[in-house]
Structure formats: structure tokens, C-alpha cells
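Below is one structure; the comments refer to it alone.
Numbering (my numbering), first residue to last: 4 to 418.
Pasting the structure below:
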């Protein structure tokens, strides 16, 4: 299938060709025809499968020649919203559509001015958009297509009340495109309630990972994680590495260690302001930084080409998050490697990940870092001790390997 089979809109096709897109991905081939017919769509697709194009292309084609706020896209994070807005601008390069992004962490005054000037497509995070709606800065009564991107993540982050409030401000007669990587009960219930007779499409089975991603697990003592990461960076010549930690303080400590070791590294987490986070992303994307350390704020919506390795420095608490984290590499048909550091305390979480993947991931042991090797050393029987009559009294109890050949020979003669 070609994109010409999915759309006849020449401005969009021209932009698609300039983006270097060749053939539709599976989720695009399945979702776009149904969306073009005006049907509601539920798309189950992990990141890196082309789902952004799956909802943007039919939405943009529907209003390519119409002015007015007709398309609204809700995203869970600022980074994802900004990426979706950037993709929309690339696709509308040869049209007159105006694309706006309304996200937290940006000046309200400028957003108010832009909203009053008018957008045709708005990509927003729920909290900031609802703030503008309640202040009367934007009218959502003209929306014809509502997109919920990464709905499971939005609910995980506690955005259900804001989503429910926004739904009361958009027309009930609309098209809804609902995309989610997973479909837990809460997400499934929301989809059934807000969509009308939707078409369900799926790019890959739930809880699968992108193809062409090699997955490796290293057993490591907790205090040796930083040393192991430095060892791998030096010995394997990793190029562009995204490292996930469980906490913001852990991310800061790791980045400091990497920098002291001469590694070009930066950090991104919730305590950094928008300018700092954007600067870290740009430096990483442009290759000025080899390692970007992040908390799960970056696990979805981070769309950077060329990430060679994803490292789970800390095992994710939720097995589903493992899938989303490693989805940052091996994107759009490229190859990648996902590495997970597992300490003794992580054994149960790792079993849960193996279970959802339906097979155990290959384990690698480097004795100088492996916590299992350390346990074996602790359990090893004591080394032999030589005790003999007069010589033993003279020399005391000594380990055999600590004796010189002459001393050992004397002890054996005495014995």
C-alpha cells in the first residue's frame, strides 16, 4: 500500500514525500480508511508504530480547506504535544492551516493572544487547555474531530477529571479518534462511553515490543550500576543512549557521575523547567550529548531518530512501562538495543516483565558487577587453614596461600 492509496489530498501528499515517508505503517493502513469515512476509531498501538500519522492525516485532510478550530488533540505530556504539533506543521506545510500547541510550562499571556488570533488545529495537554476554557480564552464548540493520544498514559497521570470536563465543552456530534498503547479496564470503559460504534484497529498485540529491538538483562549489584554503565559505554562504543532512572534525585546523581568520568550527559525530569528540558532534548537529538538520563517523563512521546540504546538503569515498577521505555529505540524499522540492570531486589519485577513478554529475556553476567557472583563468594567455604604443633604455635593459624614455599615445606615436615 502507498500513501496515494490512503489520500488524494495533494498538499498532504507533497508534504509526506518531503518527510521521506514511503509506505504506510500497519496502524496507518488500518486506521486511516475508517477515520476518513468519519467513523470513530480505537487504535491500539505502541509508540514508534506511526500512530501520530494515523490520526493526523485523516483529521487534516478533513479540514484542509476549512478555517476554524475543527481538530483538537489531547496528549499526556508537554513533550508529546510539542512533537505532535511539530508533525502537524510539517504535514500542513502546503496548506493554510494554523497549528497551535497549548501546554503547561509556557507563558499564559502569549497563549491567550495566540488563541484569540485563532487556530485551526490545537494540540494540548488537558490541564492547561481546561484552564484556558474556564477563563473563556478558547471556544471548543466548533470541534469536529477529537483525538485522545496515549489515553492510558493520561489516565495514569490523573487527567481523568480534566478530560471529563473538556468532553463537556466539545460537541457530542463529533468524530473521536482514541489511541492507546494498552487497554486496561479504566481505559476500555472510557473508550466505550465516549465513542460511538468505533472501529477497533491494532498494530501489534498488547504488551509486545517493537521488532528489531535486541533485549538484554545484566545482573548487577545496586552499588555497581554506575560502574557497569560506564564500562558498557567505554567497551561497546554506544552512540546515543537514553537512560531511565526511578527518581529525579537518582537521575541527577547519575549524570554527575557520568560527567566526572568524561561522558557528555544531560538530564531531563519534572524538576527541570521547560527551557532546560527542551535544551536537553535538542542537545541529545543533535548529537551534542551522548547520554540523556531521564525519569519516566520521557518514556512516551519522545520521538528522536537514532537512539541506539535504551537502558533501564532502574527496573520499571509497572511491567507495561518496560514496553514503553524500550519503544524509544528501534523506531520506524531501525534496529536498537534495550538493556536492563537487575539487582537482587528487582527479581520479582523482572519476572513480571518476562511474563508479559511470554519469554525470559537473556541474562548476561559480568563477574565483577554481578550480584549473583557476589553471593557465591559470600557463601563459599573458608579457605584451608594449616595448624600444626610447634610450627603452628610459632606462626599462628595461617592460610595456606599466605605462606611462602619455605614456610609451607617446614610445616609439612613438622606434620
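All residues carry an ideal CB built from backbone N, CA and C; glycine is no exception. Just so you know, these numbers come straight off a predicted model, no measurement behind them.
Residue nearest to residue i in terms of C-alpha spacing, selected from the options
{"i": "residue 37", "options": "57, 26, 23", "result": "57"}
{"i": "residue 245", "options": "293, 286, 231, 351", "result": "293"}
{"i": "residue 125", "options": "71, 109, 157", "result": "71"}
{"i": "residue 49", "options": "323, 367, 372", "result": "323"}
{"i": "residue 369", "options": "230, 21, 7", "result": "230"}
{"i": "residue 156", "options": "297, 326, 373", "result": "326"}
{"i": "residue 283", "options": "67, 82, 40, 34", "result": "82"}
{"i": "residue 114", "options": "64, 140, 123", "result": "140"}
{"i": "residue 374", "options": "314, 362, 288, 228", "result": "228"}
{"i": "residue 80", "options": "281, 270, 29, 24", "result": "281"}
{"i": "residue 252", "options": "29, 119, 272", "result": "272"}
{"i": "residue 11", "options": "23, 39, 29", "result": "39"}
{"i": "residue 226", "options": "371, 7, 332", "result": "371"}
{"i": "residue 351", "options": "319, 191, 270, 120", "result": "319"}
{"i": "residue 145", "options": "290, 222, 171, 138", "result": "171"}
{"i": "residue 298", "options": "87, 313, 16", "result": "313"}
{"i": "residue 285", "options": "25, 16, 86", "result": "86"}
Cα-Cα separation between residue i and residue j, rounded to whole angstroms
{"i": "residue 5", "j": "residue 321", "result": "37 angstroms"}
{"i": "residue 259", "j": "residue 295", "result": "12 angstroms"}
{"i": "residue 27", "j": "residue 94", "result": "15 angstroms"}
{"i": "residue 344", "j": "residue 239", "result": "16 angstroms"}
{"i": "residue 1", "j": "residue 254", "result": "No answer is possible for residue 1: it lies beyond the span of the chain, which begins at 4 and ends at 418."}
{"i": "residue 135", "j": "residue 151", "result": "18 angstroms"}
{"i": "residue 105", "j": "residue 117", "result": "10 angstroms"}
{"i": "residue 2", "j": "residue 173", "result": "As displayed, the chain neither begins before 4 nor continues past 418, which places residue 2 out of reach and without an answer."}
{"i": "residue 390", "j": "residue 241", "result": "Any reading at residue 390 must be qualified, since the residue scores a pLDDT of 43, below 50, and its modelled position is unreliable; the value itself is stated next. Going by the C-alpha atoms only, they are around 53 angstroms apart."}
{"i": "residue 329", "j": "residue 69", "result": "39 angstroms"}
{"i": "residue 122", "j": "residue 14", "result": "19 angstroms"}
{"i": "residue 34", "j": "residue 43", "result": "10 angstroms"}
{"i": "residue 279", "j": "residue 200", "result": "43 angstroms"}
{"i": "residue 202", "j": "residue 193", "result": "15 angstroms"}
{"i": "residue 66", "j": "residue 99", "result": "10 angstroms"}
{"i": "residue 287", "j": "residue 175", "result": "42 angstroms"}
{"i": "residue 7", "j": "residue 23", "result": "14 angstroms"}
{"i": "residue 1", "j": "residue 182", "result": "This structure leaves residue 1 out entirely; the chain is present only between 4 and 418."}
{"i": "residue 137", "j": "residue 47", "result": "32 angstroms"}
{"i": "residue 289", "j": "residue 269", "result": "13 angstroms"}
{"i": "residue 160", "j": "residue 29", "result": "28 angstroms"}
{"i": "residue 16", "j": "residue 237", "result": "44 angstroms"}
{"i": "residue 120", "j": "residue 315", "result": "44 angstroms"}
{"i": "residue 84", "j": "residue 361", "result": "33 angstroms"}
{"i": "residue 107", "j": "residue 164", "result": "17 angstroms"}
{"i": "residue 196", "j": "residue 25", "result": "36 angstroms"}
Contact check, residue i vs residue j, beta carbons under 9 angstroms
{"i": "residue 143", "j": "residue 75", "result": "yes"}
{"i": "residue 310", "j": "residue 218", "result": "no"}
{"i": "residue 233", "j": "residue 198", "result": "no"}
{"i": "residue 235", "j": "residue 342", "result": "yes"}
{"i": "residue 109", "j": "residue 220", "result": "no"}
{"i": "residue 3", "j": "residue 250", "result": "Any answer about residue 3 is impossible in this case: the structure gives the chain only from 4 up to 418."}
{"i": "residue 127", "j": "residue 78", "result": "yes"}
{"i": "residue 364", "j": "residue 355", "result": "no"}
{"i": "residue 224", "j": "residue 346", "result": "yes"}
{"i": "residue 52", "j": "residue 90", "result": "no"}
{"i": "residue 31", "j": "residue 60", "result": "yes"}
{"i": "residue 158", "j": "residue 180", "result": "no"}
{"i": "residue 332", "j": "residue 190", "result": "no"}
{"i": "residue 291", "j": "residue 275", "result": "no"}
{"i": "residue 20", "j": "residue 222", "result": "no"}
Cβ distance (whole Å) where residue i is taken to contact residue j below 8 angstroms
{"i": "residue 184", "j": "residue 205", "result": "Between residue 205 and residue 184 the Cβ distance is about 11 angstroms, and since that is not below 8 angstroms, they are no contact."}
{"i": "residue 112", "j": "residue 102", "result": "Contact flag wrong, Cβ pair sits at about 20 angstroms."}
{"i": "residue 132", "j": "residue 169", "result": "6 angstroms"}
{"i": "residue 265", "j": "residue 178", "result": "Wrong, their Cβ atoms sit about 53 angstroms apart, outside the cutoff."}
{"i": "residue 97", "j": "residue 147", "result": "Not a contact, Cβ separation roughly 22 angstroms."}
{"i": "residue 187", "j": "residue 162", "result": "About 15 angstroms; that fails the 8 angstroms criterion."}
Segment limits, beta strand (DSSP E) that includes residue i
{"i": "residue 62", "result": "Here residue 62 belongs to no beta strand (DSSP E); instead the alpha helix (DSSP H) covers 54-65."}
{"i": "residue 340", "result": "339-345"}
{"i": "residue 124", "result": "124-127"}
{"i": "residue 103", "result": "102-105"}
Heavy atom of the ligand HEM within 8 angstroms of residue i beta-carbon
{"i": "residue 201", "result": "The model depicted lacks the ligand HEM and carries no ligand whatsoever."}
First and last residue of the uninterrupted alpha helix (DSSP H) at residue i
{"i": "residue 165", "result": "163-170"}
{"i": "residue 324", "result": "322-329"}
{"i": "residue 158", "result": "154-159"}
{"i": "residue 109", "result": "Counting along the chain, residue 109 falls outside any alpha helix (DSSP H), and DSSP gives it neither H nor E."}
{"i": "residue 357", "result": "350-360"}
{"i": "residue 180", "result": "It is not in any alpha helix (DSSP H) - residue 180 instead sits in the beta strand (DSSP E) that spans 178-183."}
{"i": "residue 234", "result": "228-239"}
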